[in-house]
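**Q** First the structure, then my questions, so here it is.
Number of protein chains: 2
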Amino acid sequence: MPDDPTEATKPQAPTAGPLWFALFTEIGIIGQLSRTLLEKRLPEGLISAHFAVLNHLARLGDGKTPLSIARAFQVPKTSMTHTLAILEGRGLITLAPNPADGRSKLVYLTEAGRAVRQGAIDGLSPDIEHLAKLYSLEKVEQIVPLLEELRQILDTNRPG
Amino acid sequence: MPDDPTEATKPQAPTAGPLWFALFTEIGIIGQLSRTLLEKRLPEGLISAHFAVLNHLARLGDGKTPLSIARAFQVPKTSMTHTLAILEGRGLITLAPNPADGRSKLVYLTEAGRAVRQGAIDGLSPDIEHLAKLYSLEKVEQIVPLLEELRQILDTNRPG
DNA sequence: CTTATATAGTTCTATATCGCACTACACAAG
DNA sequence: CTTGTGTAGTGCGATATAGAACTATATAAG
Chain A
1098 MPDDPTEATK PQAPTAGPLW FALFTEIGII GQLSRTLLEK RLPEGLISAH FAVLNHLARL
1158 GDGKTPLSIA RAFQVPKTSM THTLAILEGR GLITLAPNPA DGRSKLVYLT EAGRAVRQGA
1218 IDGLSPDIEH LAKLYSLEKV EQIVPLLEEL RQILDTNRPG
Chain B
1098 MPDDPTEATK PQAPTAGPLW FALFTEIGII GQLSRTLLEK RLPEGLISAH FAVLNHLARL
1158 GDGKTPLSIA RAFQVPKTSM THTLAILEGR GLITLAPNPA DGRSKLVYLT EAGRAVRQGA
1218 IDGLSPDIEH LAKLYSLEKV EQIVPLLEEL RQILDTNRPG
């Protein structure tokens, strides 16, 4: 029935669907491209998911639990266990028992972890400057709040 | 030196970097959330990457080569080989030799493939209607062209 | 025609992601 | 204290992603 051409004659909301699809498609591709860009600036073997954790801890403060980090990125906790094991193996974070809860742990950045994060950020700055020449700051300023709002809506209406 | 506070007093482009970071962070998280949303509406075992291929072929016409599809999504061709093998195994596409190039193949949607795609789209329409109540169409219309432009810039300036 | 180089796709292998089942601890009820 | 229920994290297995090396075909140079 959605293929019925007469459907399209409905006065309100003629076909918002395709626009939403286009939105998510663009977001998917840009996500892919930016991930690739970032990973070129990371030490061998580190990927976007690893950086994301380092960045999260540096920006919002470390001493977070693994589960809270997993939730922040909307990934299963098993994935986070794996990511944290890699980071710990590389000496970029340390895992300490949570004094407030025996089931839990707390994640702390090491100096090496901070350095890797800062190095990636510094390494990206030429890329960003280059982008800034081609895509005006005004556009970025326009998009970011719109995306933040959308993210929040998707986030709070998750279970579906 | 990027931590030097005096840096921030530069008249032009005081710190565009963090804004760009925020942009890509939001895009990453929204990508993650929308992927999860989509996968709830797909048949068991099919994921976002599989749907993307079906959708691509349905929208732009089938008879594409595997490599062209890989490029459209910015994934390595080895990943596409795998994805296509899954889709073929499920009877959602067929792979035919390319009469114009003996090295190459052409990908065609089967009726089952079209049906799975349409089923996912139909299944998503309640979700989209729900989103549309919380996030105005105007905002989507505002974002999409901005993202398209950004994607194109990232796409053409890839090698870095 | 022969050779050199480039391209499409696959195979192999390593790592990432994620669901399921499990353990350990927390906390409330009794 | 004991029991029942919920939560944090892990181990394991299945599938996804991606780089390196390989095969087969195409195309250009001579």
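Sequences listed follow chains A and B, in order.
Heads up: the first sequence begins at 1098 in this note's numbering, then just goes up one per residue.
Heads up: the second sequence begins at 1098 in this note's numbering, then just goes up one per residue.
Ideal Cβ placement from N, Cα and C applies to all residues, glycine included.
All figures in this text were calculated on a predicted structure; none of them were measured in a lab.
Going by beta carbon distance, what residues of the same chain come within less than 8 Å of Asp-1252 of chain B, once the five residues before and after it are set aside?
**A** Only Gln-1171 meet the Cβ criterion.
**Q** Using a C-beta to C-beta distance shorter than 7 Å, which residues of chain B count as neighbours of Asp-1159 of chain A?
**A** Under the 7 Å cutoff, chain B gives no residues; its nearest Cβ is about 18 Å from Asp-1159 of chain A.
**Q** Beta-carbon within less than 7 Å of Pro-1242 of chain A's beta-carbon, same chain only, minus the 5 sequence neighbours each way: which residues are those?
**A** If we look at Pro-1242 of chain A and ignore the five residues flanking it on each side, it has no Cβ neighbours.
**Q** Contact between the segment 1172-1181 of chain B and the segment 1117-1125 of chain B: three or more CB pairs below 8 Å?
**A** No contact exists between the segment 1172-1181 of chain B and the segment 1117-1125 of chain B.
**Q** Could you check the C-alpha separation between Leu-1234 of chain B and Leu-1143 of chain B for me, to the nearest Å?
**A** Rounded to the nearest angstrom, the two C-alpha atoms are 29 Å apart.
**Q** Over what stretch of residues does the alpha helix (DSSP H) that includes Lys-1230 of chain A continue unbroken?
**A** Where Lys-1230 of chain A is concerned, the enclosing alpha helix (DSSP H) stretches over 1208-1231.
**Q** Please look up how many angstroms separate the CB atoms of Ile-1225 of chain A and Gly-1160 of chain B, rounded, as I've assumed it's under 8 Å.
**A** Not a contact, Cβ separation roughly 39 Å.
**Q** Any chance you could list the beta strand (DSSP E) runs of at least 3 consecutive residues sitting entirely within the segment 1149-1194 of chain B, in chain order?
**A** If we require 3 residues or more, the beta strand (DSSP E) runs fully inside the segment 1149-1194 of chain B come out as 1190-1194.
**Q** When you compare the CB positions of Ala-1209 of chain A and Arg-1138 of chain A, do they come within less than 8 Å of one another, or not?
**A** No, these two residues do not count as a Cβ contact at 8 Å.
**Q** If we count the other Cβ atoms within 10 Å of its Cβ and call it buried at 16 or more, is Pro-1163 of chain B buried or exposed?
**A** With 16 or more other Cβ atoms within 10 Å, it is buried.
**Q** Provide the residue span of the alpha helix (DSSP H) that contains Gly-1114 of chain B, from first to last.
**A** First-last of the alpha helix (DSSP H) with Gly-1114 of chain B: 1113-1136.
**Q** With 16 as the cutoff for other CB atoms within 10 Å, does Gly-1128 of chain A come out buried or exposed?
**A** Counting Cβ neighbours within 10 Å, Gly-1128 of chain A comes out buried, since at least 16 surround it.
**Q** Identify which residue in A:Ile-1126, A:Ser-1201, A:Arg-1214, A:Thr-1191 has its Cα closest to the Cα of Ala-1146 of chain A.
**A** The candidate whose alpha carbon is nearest that of Ala-1146 of chain A is A:Arg-1214.
**Q** Using beta-carbon positions only, say whether Ile-1250 of chain A and Leu-1192 of chain B come within less than 8 Å of one another.
**A** For Ile-1250 of chain A and Leu-1192 of chain B, no; Cβs fall outside 8 Å.
**Q** Using a cut-off of 7 Å between C-beta atoms, extract the partners of Arg-1168 of chain B located in chain A.
**A** The contacting residues do not exist; Arg-1168 of chain B stays about 11 Å from chain A at best.
**Q** What's the gap between the Cα of Gly-1199 of chain B and the Cα of Pro-1173 of chain B?
**A** Their Cα atoms are separated by approximately 21 Å.
**Q** State buried or exposed for Leu-1244 of chain A, treating a residue as buried only when at least 16 other CB atoms are found within 10 Å of its CB.
**A** Buried, since its Cβ has 16 or more Cβ neighbours within 10 Å.
**Q** Can you list, in chain order, the residues of its chain whose CB lies under 7 Å from that of Pro-1194 of chain A, leaving out five sequence neighbours each side?
**A** Contacts found: Lys-1202.
**Q** List the residues of chain A whose Cβ lies closer than 7 Å to the Cβ of Gly-1125 of chain B, in chain order.
**A** Under the 7 Å cutoff, chain A gives Gly-1128.
**Q** The alpha helix (DSSP H) that contains Asp-1252 of chain B, what's its start and end?
**A** 1234-1253 is the span of the alpha helix (DSSP H), which, as asked, contains Asp-1252 of chain B.
**Q** Out of curiosity, what's the CA-to-CA distance linking Ala-1169 of chain A and Ala-1197 of chain B?
**A** Each residue's alpha carbon lies about 49 Å from the other.
**Q** Can you name the residues of chain B whose CB is closer than 9 Å to the CB of Ile-1250 of chain A?
**A** Near Ile-1250 of chain A (Cβ distances below 9 Å), the residues of chain B are Leu-1228, Leu-1231, Tyr-1232.
**Q** Below 8 Å on the Cβ atoms is my guess for Tyr-1205 of chain B versus Leu-1247 of chain A; work out the distance and round it to an integer in Å.
**A** Actually they are not in contact, since the Cβ atoms of Tyr-1205 of chain B and Leu-1247 of chain A sit about 35 Å apart, beyond 8 Å.
**Q** Once the 5 residues before and after Asn-1152 of chain A are set aside, which same chain residues still bring their CB inside 7 Å of it?
**A** Cβ within range, chain order: Arg-1214.
**Q** Nearest CA to the CA of Arg-1211 of chain B: which residue from B:Pro-1140, B:Leu-1221, B:Ile-1190, B:Leu-1134?
**A** When each option's Cα is compared against that of Arg-1211 of chain B, the closest is B:Ile-1190.
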